[in-house]
Amino acid sequence: CTATFTLNTYTIGGSVTGLGSGKSLTLLNNGGDSQPVSANGAFTFTTPVASGGAYAVTVGTQPIGQICTVSSGSGTATANVTTVAVNCAATTYTVAYNGNGNTGGNTPTDSTSHTHGATVTVLGNTGNLVKTGYSFSGWNTAANGSGSSYAPAVTFTISDNTMLYAQWTAVPALSPATQTVSGSVGSPIPATTIYTATGFTGTVSYTISPALPSGLIWDASSGVISGTPTADQATTIFTVTGTGATSGTAT
């Protein structure tokens, strides 16, 4: 007597909705049996599940720019399963702004949920951000300016949540702010202090206006006044201007 036993198996499937045109995803059952899907509609895994066996459908690879979620995706197979539901929706991203050390003002607010691949227009300094000793010079995806730079009103294509950091350029300045020169005719004056220049680009050179009295010497590379006055001079205010070889001017 020969007994033959047949093990019942059941297919696992369902439907996909919301998948964008030209996009695809990969579904898995119990972590394997990879099933590519490139269109909305019904799907069925190639490998059936034994009667009474467990099934668990998950998303193996998400479509670009979308997130797909699975519902009614797990259970015990007692018949062919056609009720697994996979719904796909566009991924959305946010753009946030950071003052990056500002001492006043408010960061701009972008309240839009941007879909993957959307064109985003960078906001300006609408909240009047300020930083003492600096001027606002735009935005960057890195606080230290090593990322992608964006000027206000330019556009970029978004593919992830994005933080834009305010960028600050030091305002050219000379220190000390004022110096007093005094002395007697025929006696050397104490040399003035060498200027410290900040916020300039390139070697800084100095000019003075009006011209110094006879006998005094002007060093254009340091802004130092020295020498011996040869005639009396009425009290006069002189203006020293520093100019960077590449950029920056301050008095």
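Under the numbering used here, the first residue of the sequence shown is numbered 320, with each subsequent residue one higher. Using N, Cα and C, we set each Cβ at its ideal position, and we do this for glycine too. Here the structure is a predicted model, which is why all the values come from computation and not from measurement.
Do residue j and residue i have their beta-carbon atoms positioned less than 8 Å apart in this structure?
i       : j       : result
Gly-446 : Asn-425 : yes
Val-335 : Val-356 : yes
Ala-404 : Ser-393 : no
Asn-406 : Cys-387 : yes
Val-441 : Tyr-469 : yes
Ala-516 : Leu-535 : no
Gly-563 : Tyr-514 : no
Ala-510 : Val-559 : no
Thr-397 : Ala-373 : no
Ser-467 : Thr-460 : yes
Gly-337 : Thr-402 : no
Thr-520 : Thr-565 : yes
Trp-327 : Ser-391 : What sits at residue 327 in the sequence shown is Asn, not Trp. No, these two residues do not count as a Cβ contact at 8 Å.
Thr-488 : Gln-498 : no
Within 10 angstroms of its Cβ, does residue i collect 16 or more other Cβ (buried), or is it exposed?
i       : result
Gly-350 : exposed
Pro-529 : exposed
Pro-382 : buried
Thr-410 : buried
Gly-341 : exposed
Asn-348 : buried
Ile-477 : buried
Gly-452 : exposed
Ala-415 : exposed
Thr-481 : buried
Leu-448 : buried
Gly-518 : buried
Ile-582 : Coverage of the chain is limited to positions 320 through 570, which leaves residue 582 absent and any answer about it impossible.
Asn-463 : exposed
Between the options, which lies nearest to residue i when the distance is taken from Cα to Cα?
i       : options                               : result
Thr-547 : Gly-505, Gly-392 and Val-403          : Gly-505
Trp-458 : Ile-383, Ser-503, Ser-390 and Gly-418 : Gly-418
Ser-533 : Thr-522, Tyr-525, Ser-545 and Asn-463 : Ser-545
Asp-479 : Ala-516, Thr-438 and Ser-501          : Thr-438
Thr-568 : Thr-522, Thr-549 and Ala-373          : Thr-522
Phe-604 : Ser-370, Leu-346, Gly-372 and Ala-373 : Outside the shown range of the chain, which is 320 to 570, sits residue 604, and nothing can be said about it.
Ser-503 : Ala-539, Pro-471, Asp-551 and Pro-495 : Asp-551
Leu-344 : Ala-462, Gln-385, Gly-333 and Gly-332 : Gln-385
Thr-428 : Ala-462, Tyr-484 and Ser-454          : Tyr-484
His-435 : Thr-499, Tyr-525, Gly-339 and Gly-420 : Gly-339
Ser-541 : Leu-531, Thr-526, Thr-549 and Thr-555 : Thr-526
Gly-423 : Ser-454, His-433 and Phe-557          : Ser-454
Ser-465 : Thr-499, Ala-472, Gln-486 and Lys-450 : Gln-486
Ser-501 : Leu-531, Thr-488 and Ala-472          : Leu-531
Ala-408 : Ser-524, Val-389 and Gly-420          : Val-389
Pro-507 : Ser-353, Thr-549, Ala-358 and Thr-377 : Thr-549
Asn-421 : His-433, Lys-450 and Thr-413          : Lys-450
Identify every residue that forms a DSSP beta bridge with residue i.
i       : result
Phe-362 : Gly-333
Val-449 : Gly-423
Ser-545 : Ile-536
Gly-304 : Outside the modelled stretch of the chain, which goes from 320 to 570, sits residue 304, for which no answer is possible.
Ile-527 : Val-559
Phe-519 : In the DSSP output, where bridge partners are listed per residue, Phe-519 has none listed.
Val-368 : Tyr-329
Ser-454 : Thr-488
Ser-478 : Paired residues: none, contrary to the question.
Asn-459 : Ser-468 and Tyr-484
Give a yes or no on whether the minimum CB-CB distance between residue i and chain C is below 8 Å.
i       : result
Thr-565 : Of the protein chains in the structure, only one exists, and it is not chain C.
Checklist entry - Counting only runs that start and end within the stretch 386-435, where is the beta strand (DSSP E) found for 3 or more residues in a row? => result 393-395, 400-409 and 414-417
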